[in-house]
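Below: one structure, written as structure tokens.
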Amino acid sequence: MLEKDLVLQYLVDFQEKELPDFIERELRVPLKKDYVIAVIGPRRSGKTFYFYQLMRDLPREETLYLNFEHPIFEGFETKDIVEVLKLHREAFGEPKYVFLDEVQNVHGWERMARYLNDEGYHTFLTGSSSKLLSGEIATSMRGRSLTYTLLPFSFREFLRAKGVHPKKPLSSKKEAMVKSMLTEYLNWGGFPQVVLETNETVREKLLSEYLDMVVYKDIVERYGVRNLHVMKMLIRSLMRSFAKEFSVHAFYNTLKSQGMKVGKGVLYEYLSYVEDSMSVFLLKKFSYSLKVSELSIPKVYPVDAGFTRMFSFSPDIGRLMELAVFLELKRKGREVYYYKNHREVDFVIVERGMPIELIQVTYAFDRSDIKPREVEGLKKAGEKLKVDRKLVITWDYSDEKEGVEFVPLWKWLLRGNL
Numbered sequence: 001m002l003e004k005d006l007v008l009q010y011l012v013d014f015q016e017k018e019l020p021d022f023i024e025r026e027l028r029v030p031l032k033k034d035y036v037i038a039v040i041g042p043r044r045s046g047k048t049f050y051f052y053q054l055m056r057d058l059p060r061e062e063t064l065y066l067n068f069e070h071p072i073f074e075g076f077e078t079k080d081i082v083e084v085l086k087l088h089r090e091a092f093g094e095p096k097y098v099f100l101d102e103v104q105n106v107h108g109w110e111r112m113a114r115y116l117n118d119e120g121y122h123t124f125l126t127g128s129s130s131k132l133l134s135g136e137i138a139t140s141m142r143g144r145s146l147t148y149t150l151l152p153f154s155f156r157e158f159l160r161a162k163g164v165h166p167k168k169p170l171s172s173k174k175e176a177m178v179k180s181m182l183t184e185y186l187n188w189g190g191f192p193q194v195v196l197e198t199n200e201t202v203r204e205k206l207l208s209e210y211l212d213m214v215v216y217k218d219i220v221e222r223y224g225v226r227n228l229h230v231m232k233m234l235i236r237s238l239m240r241s242f243a244k245e246f247s248v249h250a251f252y253n254t255l256k257s258q259g260m261k262v263g264k265g266v267l268y269e270y271l272s273y274v275e276d277s278m279s280v281f282l283l284k285k286f287s288y289s290l291k292v293s294e295l296s297i298p299k300v301y302p303v304d305a306g307f308t309r310m311f312s313f314s315p316d317i318g319r320l321m322e323l324a325v326f327l328e329l330k331r332k333g334r335e336v337y338y339y340k341n342h343r344e345v346d347f348v349i350v351e352r353g354m355p356i357e358l359i360q361v362t363y364a365f366d367r368s369d370i371k372p373r374e375v376e377g378l379k380k381a382g383e384k385l386k387v388d389r390k391l392v393i394t395w396d397y398s399d400e401k402e403g404v405e406f407v408p409l410w411k412w413l414l415r416g417n418l
């Protein structure tokens, strides 16, 4: 039951408090009341602060913000939104903008969002479940929603958080600083609080708590997972396998060899739960056959590099570079696959079902560091798939030769900013 006095106090507190400082995010969404705007991302990726960014230029008394992680909204029902609107109306006037944070905590939230949209409110919502991204919103909102993904900081946002704003032409000193910061970014990732924290012990603890929150709140509680030990083993195996293929069948055999009895179907379910929590992405192999692509063994990419350091003894810079490239492609909303036919290409960019660009990532300082098979594999894949745009992302080598462009990772990540 809604505690009206507590909710009113919550509304008053929001109206009176100053919005906290935030790092400007690059994501842009329209402020149109025709659509419900959904911002989806993993926990601690900065969705609430992104709401503050959107609210910055809006009249405060016309803005209603509800955080469904707050204890006073526990047990909130969709019909309660009518009462909350009434409380706001009586205290501050009619709200025009309604922000609903972590909306997946409300059972039947779709009806609430539809109601607000029907009544003409500019409605914004956030969620930490990829199910909200994969058609659930579009289906429930009947085409009246626009969905955006907010991941942890990009490298550009990371530099902004550190007070660094690189512009052309870069001095040798500034370039060296950007490369040094890229190393930090690859090792620690882009979760906002982790980026802003300077104490490494605290950083480690934050990352550990974030992952625990994903395991217990987003997976165990949400889905009623019974075998916590197997779930933890699965997550550990996924994180250790980042930027590599991950086979449920092979993992099943590993458990079996250790005397653990668990059905393969259960493991596939558990994997879908982890994917739904947005803590990992599964990358399919490119094929013109949808069936072949869907049945392929996926490669695994965590949502943030920080998670990988909790399960590895020493950083693998090459794989961390590959992860950074994958996450940047996700931020840009690209349709991405990997390619494997005798030799592997890290990323195939697809538009309208056709491959348009091939990307290979390698930890190379100069041409001699690049294995001939990597470039040859890229060229042969280009011939096979009829793709002209071929890119090798390196650590510090630039060139263009025989139809292949070589670009340092830091330059590629900052394209559009330099």
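Heads up, the sequence shown is in our numbering, so the first residue is 1 and it goes up one at a time. No residue lacks a Cβ here, since even glycine has one placed at the ideal position from N, Cα and C.
Does the CB of residue i have a neighbour CB from chain D at under 9 Å?
{"i": "residue 70", "result": "No chain D appears in this structure, which consists of one protein chain only."}
How far does the alpha helix (DSSP H) with residue i in it extend, from its first residue to its last?
{"i": "residue 251", "result": "248-257"}
{"i": "residue 326", "result": "317-331"}
{"i": "residue 127", "result": "Element bounds for residue 127: not the alpha helix (DSSP H) but the beta strand (DSSP E), 122-127."}
{"i": "residue 181", "result": "172-188"}
{"i": "residue 212", "result": "200-213"}
{"i": "residue 270", "result": "264-276"}
{"i": "residue 281", "result": "Premise fails: residue 281 lies in the beta strand (DSSP E), 280-283, not in any alpha helix (DSSP H)."}
{"i": "residue 383", "result": "372-385"}
{"i": "residue 146", "result": "Per DSSP, residue 146 belongs to no alpha helix (DSSP H); it is in the beta strand (DSSP E), 145-149."}
{"i": "residue 291", "result": "290-295"}
{"i": "residue 306", "result": "305-308"}
Rounding to the nearest angstrom, what Cα-Cα distance links residue i and residue j in this structure?
{"i": "residue 385", "j": "residue 364", "result": "26 Å"}
{"i": "residue 345", "j": "residue 156", "result": "26 Å"}
{"i": "residue 160", "j": "residue 171", "result": "18 Å"}
{"i": "residue 222", "j": "residue 111", "result": "20 Å"}
{"i": "residue 180", "j": "residue 412", "result": "16 Å"}
{"i": "residue 373", "j": "residue 36", "result": "48 Å"}
{"i": "residue 145", "j": "residue 22", "result": "26 Å"}
{"i": "residue 267", "j": "residue 66", "result": "36 Å"}
{"i": "residue 120", "j": "residue 86", "result": "15 Å"}
{"i": "residue 165", "j": "residue 243", "result": "30 Å"}
{"i": "residue 68", "j": "residue 184", "result": "34 Å"}
{"i": "residue 177", "j": "residue 30", "result": "35 Å"}
{"i": "residue 201", "j": "residue 309", "result": "13 Å"}
{"i": "residue 402", "j": "residue 334", "result": "26 Å"}
{"i": "residue 312", "j": "residue 295", "result": "29 Å"}
{"i": "residue 269", "j": "residue 263", "result": "10 Å"}
{"i": "residue 280", "j": "residue 415", "result": "25 Å"}
{"i": "residue 260", "j": "residue 302", "result": "26 Å"}
{"i": "residue 287", "j": "residue 79", "result": "47 Å"}
{"i": "residue 347", "j": "residue 94", "result": "49 Å"}
{"i": "residue 350", "j": "residue 356", "result": "6 Å"}
{"i": "residue 44", "j": "residue 10", "result": "22 Å"}
{"i": "residue 271", "j": "residue 100", "result": "28 Å"}
Within 10 angstroms of the Cβ of residue i, are there 16 or more other Cβ atoms? Answer buried if so, exposed if not.
{"i": "residue 88", "result": "buried"}
{"i": "residue 199", "result": "exposed"}
{"i": "residue 376", "result": "exposed"}
{"i": "residue 20", "result": "exposed"}
{"i": "residue 394", "result": "buried"}
{"i": "residue 108", "result": "exposed"}
{"i": "residue 113", "result": "buried"}
{"i": "residue 97", "result": "buried"}
{"i": "residue 239", "result": "buried"}
{"i": "residue 285", "result": "buried"}
{"i": "residue 59", "result": "exposed"}
{"i": "residue 105", "result": "buried"}
{"i": "residue 354", "result": "exposed"}
{"i": "residue 25", "result": "buried"}
What first and last residue would you give for the beta strand (DSSP E) that runs through residue i?
{"i": "residue 463", "result": "Not covered by the structure: residue 463. The range shown for the chain is 1 to 418."}
{"i": "residue 301", "result": "299-302"}
{"i": "residue 393", "result": "389-394"}
{"i": "residue 235", "result": "That residue, residue 235, is in no beta strand (DSSP E); its alpha helix (DSSP H) goes 228-240."}
{"i": "residue 244", "result": "Unbroken run through residue 244: none, as it is neither H nor E."}
{"i": "residue 358", "result": "354-361"}
{"i": "residue 157", "result": "Per DSSP, residue 157 belongs to no beta strand (DSSP E); it is in the alpha helix (DSSP H), 155-161."}
{"i": "residue 406", "result": "404-408"}
{"i": "residue 196", "result": "Run containing residue 196: none in the beta strand (DSSP E); it sits in the alpha helix (DSSP H), 192-196."}
{"i": "residue 399", "result": "399-401"}
Mind reading off the beta-carbon distance from residue i to residue j? Whole number of angstroms is fine, and I expect it under 8 Å.
{"i": "residue 39", "j": "residue 123", "result": "That belief does not hold up - the Cβ atoms of residue 39 and residue 123 are roughly 12 Å apart, past 8 Å."}
{"i": "residue 361", "j": "residue 336", "result": "With a Cβ gap of about 13 Å, residue 361 and residue 336 do not count as contacting."}
{"i": "residue 207", "j": "residue 46", "result": "Rounded, the Cβ-Cβ distance is 15 Å, inconsistent with contact."}
{"i": "residue 305", "j": "residue 320", "result": "6 Å"}
{"i": "residue 7", "j": "residue 91", "result": "That belief does not hold up - the Cβ atoms of residue 7 and residue 91 are roughly 11 Å apart, past 8 Å."}
{"i": "residue 215", "j": "residue 235", "result": "7 Å"}
{"i": "residue 390", "j": "residue 379", "result": "7 Å"}
{"i": "residue 397", "j": "residue 367", "result": "6 Å"}
{"i": "residue 231", "j": "residue 42", "result": "The pair is not a contact, with the Cβ atoms about 17 Å apart (cut-off 8 Å)."}
{"i": "residue 381", "j": "residue 338", "result": "Residue 381 to residue 338, Cβ: 11 Å. No contact."}
{"i": "residue 315", "j": "residue 227", "result": "Incorrect: roughly 31 Å between the Cβ atoms, too far for contact."}
{"i": "residue 246", "j": "residue 194", "result": "25 Å between Cβ atoms; not a contact."}
Fully enclosed by the stretch 17-104, which alpha helix (DSSP H) runs are 4 residues long or longer?
47-55 and 80-92
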